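These notes are about the structure you will find just below.
In the UniProt record's numbering, the protein residues as written are 1 to 128.
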């Protein structure tokens, strides 16, 4: 019996050209761009300090998002201080560039009222 293989790895392919006759004459976003220009369509890659951060941010970009209609005039944005990662002795953990690792990097917090609006979008058939 053959074992079913599953993995959390997802691959995305970006088409730059095609030799298929069904694509002849059709233009597409990346047909005239270099690879570096295509990457910049997803993020400012020149601002990412290492490959691990690049991969993590790219996976966030390619993840599924949910559109939610929100009156932005009623939204208050509160800036919070980053939480630095610390080891068991309380010392700040640094990356290979010597920069402090930030526990909250790439995350955000939302208010309870926005969270309540999002739940029906995520679980539309459940009464939560």
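We put the beta carbon where it would ideally sit given N, CA and C, even for glycine.
Small disclaimer: the values here were computed from a predicted structure and weren't measured.
The three-state reading of DSSP puts residue 84 in strand, counting E and B together. Assignment of residue 94 by DSSP, reduced to helix, strand and coil, places it in the strand class. Under the three-state reduction of DSSP, residue 35 is assigned to helix. In terms of Cβ geometry, residue 86 and residue 80 do not form a close pair [threshold 8 Å]. If the five residues before and after residue 97 are omitted, its C-beta is found closer than 8 Å to the C-beta atoms of 49 and 50, all from its own chain and listed in chain order.
For residue 100, no alpha helix (DSSP H) run applies, since DSSP gives it neither H nor E.
The three-state reading of DSSP puts residue 116 in helix, counting H, G and I together. In terms of Cα proximity to residue 75, the closest of 46, 120, 113 and 125 is 113.
Shown here, residue 60 sits in a helix according to DSSP, grouped into three states.
The straight-line gap separating the alpha-carbon atoms of residue 35 and residue 89 is approximately 44 Å.
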